[in-house]
Each structure stands twice: as C-alpha cells, then as structure tokens.
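Visitor:
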Amino acid sequence: MFRRRFLAATGTTLAGVALAGCSGSEPGDGGEQGTTSATTEGGGGTDDRTSESTESTETSRPEVSFDLASFEAPKEAAMGEPLPLKVVIENTGDRPAAFSSPIRLSGSGGGWHTAATIQTEVIEPGKRATWSTEYTHPYSGTANFRIPKLQRAFSVDVSPKTLSFGGTHVVPTDFAFTVRDVSLTDSYRYERSNGSTTEVSAGSGSQWAFVHVAAENRADYAQRPPSRSGVSLLVGSSGTTLSPAGIPRERGRYPPPLDDSGTTTTTTSGSEGLEPGGTASGWIAYEVPADRSVSDLVVQWREGDGVGRWTVRWVA
1 MFRRRFLAAT GTTLAGVALA GCSGSEPGDG GEQGTTSATT EGGGGTDDRT
51 SESTESTETS RPEVSFDLAS FEAPKEAAMG EPLPLKVVIE NTGDRPAAFS
101 SPIRLSGSGG GWHTAATIQT EVIEPGKRAT WSTEYTHPYS GTANFRIPKL
151 QRAFSVDVSP KTLSFGGTHV VPTDFAFTVR DVSLTDSYRY ERSNGSTTEV
201 SAGSGSQWAF VHVAAENRAD YAQRPPSRSG VSLLVGSSGT TLSPAGIPRE
251 RGRYPPPLDD SGTTTTTTSG SEGLEPGGTA SGWIAYEVPA DRSVSDLVVQ
301 WREGDGVGRW TVRWVA
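In terms of this note's numbering, the sequence shown opens at residue 1 and continues consecutively.
1. By Cβ distance below 7 angstroms, which residues in the same chain neighbour S100 in space, the five residues on each side in sequence not counted?
2. Can you tell me whether R152 is buried or exposed? The criterion is at least 16 other CB atoms within 10 Å of its CB, across all chains shown.
3. Quick check: the region 230 to 248 against the region 135 to 147, are at least 3 beta-carbon pairs closer than 8 angstroms?
4. What did DSSP end up calling R313 once you bin it into helix, strand or coil?
5. Would you list the one or two residues that DSSP bridges to D181?
6. Which runs of the beta strand (DSSP E) spanning at least 3 residues fall entirely within the region 118 to 178, listed in chain order?
7. Is DSSP giving G93 helix, strand or coil here?
8. Taking the C-alpha atoms as reference points, what is the distance between I123 and G278?
9. Among all the DSSP beta bridges, which residues are the ones paired with I284?
10. Where are the beta strand (DSSP E) runs, 3 residues long or more, that stay fully inside the region 60 to 90, in chain order?
11. Does DSSP put G230 in a helix, in a strand, or in coil?
12. Per DSSP, what kind of secondary structure is V200 in: helix, strand or coil?
13. Going by DSSP, which residues form a beta bridge with R104?
14. According to DSSP, is V298 part of a helix, a strand, or is it coil?
15. So who's on the other strand from G304, going by DSSP bridges?
16. Under three-state DSSP, which class holds G45?
17. Under the assumption that V171 contacts A77 (Cβ atoms under 8 angstroms), give the Cβ distance between them as a whole number of angstroms.
18. For P84, which residues in the same chain have their Cβ closer than 6 angstroms to its Cβ, ignoring the five residues on either side in sequence?
19. Taking C-alpha atoms, which residue in F71, V307, R302 and T178 lies nearest to E216?
20. Is E191 helix, strand or coil by DSSP?
21. Can you tell me the Cα-Cα spacing of A18 and Q300, whole angstroms?
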C-alpha cells in the first residue's frame, strides 16, 4: 500500500470566548492582504406551509454567517519545523452555529490539497472562538494556502532543512536519507577486472571529495532508492554547485555508489527496488579545489514526489 506523509496537524479550539474588539493580529499578518469577508452558510427562505390563520405569513430562517476577526501565520518557516496558524472566528449571524472550513494547500505538482480543517464548537451570536494548529511542512519553497469559506489566501516561504554530517532526514516517501561524512583525498586506487591496481589522481589544483551516504526504505512497500543526480556539493561562501564526477570504480576500495538510475548494491533488494527495511549505501565522488577543507563543503539533496519538492543540506 502506497502511503505518503503530508501535513501533520493538531487543532485546538477555544469556543464561545467573548472578546472586546479585534484582539490578536489583524487579517493580513503573515500573508498577502487578502479579503476577509463574511461567509454565509444557509440563508433565508420562506415557509411553504399554510398557517391556520386566514392570513398567510412568511417566516425567515435565522441567518448563519461568520467573519474572520483576526489571523496569525508566519511569513517564513523551516522545512520540517512547526508552522503555527491561528484564527479568531466571529459569529455575525442570528443563531448559534459551529464554523468549519478546510485549509487548502497548492502542491508543486498542480491542484489543491486539504492540509487541515478549521472546526470550532458552537459559537453564540456576537461571540468569537479561537482555533489554532501547528503544521509540519515536508517541502521547501513557497507554500500557498487558502481558506475558502473565509476568502483568505496566504503564503509561507519554507527554507531548506539543515543537518550536521551524520544526521538523518525522512521524506514523505518514507525514505530516510543520511549523509554520514565527507572525506578528502588527492588520489584513490581501484582494482581493475583483470586484477591490476590503478591509482587516479585529481586534476591540477583539485582534490577528490567522497560523500558517504545511506538511504533506508522505511515504507511497507518496495521502491527505488534516491538517485545520486539529486545530490550535489556546494563549495565555499558563493555556494558553487558541483555535480557528481564520473570516475572509474571497478572493484574499488570504496563501496559501490548510488548511480544515476538509482540502482545500488543494497542489503535487501528486489526486482522492483529496495525492499521494506532495506538500506542502500555507498559514496558519491566530486572534484573540488585543493585549497578547500571539509568545513567549506555543504551536501545538498533536492528531490520531489509529485506533490512537492524538498531540499535538505548537511554541514560539518
């Protein structure tokens, strides 16, 4: 069964709290200056039943409507960190009613997805209720949200997640990716298929950087491990991006690396990819300037799953 993590949310409702005026942030804090007009659920109508009196009467149903009294959301957040939202809803109608509306999120693959649902208890006319939640957003980039029943739209800039070497990040596809360490060397040796040993030196003014990685499939179904093409090396304060180097690696002293197709030597591998609980590990080689140290290097992994894209960085 294919599963994805999306947004983990837990909501807290404080219903029927009377507030004087508009407390909290004004609509617009933490997002674009959207309209905060009232939303009406239900409406007036006429009673088609005939009264026993000689004169027909028309009875109006009590109106149900709500206003967004205040709204709070951050303008920026880090990927995988709690993203708090808070709304204060006012019952501007004529009868007690609860308010409910989805919070929709636009994915990079197109379309809108329900991230969470605002749900209050019954609010008395003229009173307000506060609803809040915290999201864990698994993607980087701009997250575009909207609350349809409040005609409210807002955006949050989600920055990449940063870890130290040895740290593990789990993505929505249930792959746990780890950058174990980075080693630098002027040359490396590998054994040819005929049994001879060859030493390969880096170019003039360069050195080899071997990035040691591991990917564990924590899903309950087989899937292909991440491709090395999604892993890059950032060098220096300018952040120069290097792609993996194509180097000879026949029966080398280093374990086999992830390759461009995602295929790798694994602990448990089937024809459809890495089996549940299986781990793919190896190295990815880069050629970097000879005057750089490990502390000057940042390993970056960028990939996506059709719903969004994530960016994770590892530093010394």
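Every residue, glycine too, gets a C-beta built ideally from N, C-alpha and C.
The model shown is predicted, which means the values in this text are computed figures rather than measured ones.
Guide: If we stick to the structure as given:
1. Residue numbering aside, residue 100 sits at position 100 when the sequence shown is read from its first letter. Taken in chain order, the residues that qualify are T117, I118 and Q119.
2. If you number the sequence shown from 1, residue 152 lands on position 152. So R152 ends up on the buried side.
3. no
4. As a working mapping, residue 313 is identified with position 313 in the sequence shown. Note: R313 maps to strand in three-state DSSP.
5. The residue you call residue 181 lines up with position 181 of the sequence shown. Its beta-bridge partners are H212.
6. 128 to 136, 141 to 147, 152 to 159, 161 to 164 and 168 to 170
7. Along the sequence shown, one-based indexing puts residue 93 at 93. DSSP places G93 in coil when its eight states are reduced to three.
8. Against the sequence shown, residue 123 aligns to sequence position 123. Against the sequence shown, residue 278 aligns to sequence position 278. Distance between the alpha carbons of I123 and G278: 51 angstroms.
9. The residue given as residue 284 occupies position 284 in the sequence shown. I284 is bridged to V211.
10. 65 to 72 and 76 to 78
11. Taking the sequence shown and counting its residues from 1, the one referred to as residue 230 is at position 230. Helix.
12. Sequence index remark: in the sequence shown, residue 200 carries index 200 (1-based). Looking at V200 - three-state DSSP - the assignment turns out to be strand.
13. If you number the sequence shown from 1, residue 104 lands on position 104. DSSP, once it has assigned bridges, lists T114 and R146 as partnering R104.
14. Here the question's residue 298 lines up with position 298 in the sequence shown. In the structure shown, V298 sits in a strand (DSSP, three-state: E or B).
15. On the sequence shown, residue 304 is found 304 positions in, with the first residue counted as 1. Partner(s): R309.
16. For this step, residue 45 is matched to residue 45 along the sequence shown. Because the pLDDT at G45 is just 39, under 50, the model does not fix this residue reliably, and the point stays unresolved.
17. By 1-based counting over the sequence shown, the position of residue 171 is 171. By 1-based counting over the sequence shown, the position of residue 77 is 77. The Cβ separation is near 17 angstroms, so there is no contact.
18. Working through the sequence shown from its first residue, we reach residue 84 at position 84. Counting only Cβ-Cβ distances below 6 angstroms, and skipping sequence neighbours, we find E134.
19. Here residue 216 refers to the residue found at position 216 of the sequence shown. For E216, the nearest C-alpha among the options comes from T178.
20. Your numbering for residue 191 matches position 191 in the sequence shown. Of the three classes helix, strand and coil, the one that applies to E191 here is strand, per DSSP.
21. On the sequence shown, residue 18 is found 18 positions in, with the first residue counted as 1. On the sequence shown, residue 300 is found 300 positions in, with the first residue counted as 1. Confidence at A18 is low in this model, with a pLDDT of 29, below 50, so the placement of that residue should be treated as unreliable; the coordinate-derived value is given next. Their backbone Cα atoms lie some 49 angstroms apart in a straight line.
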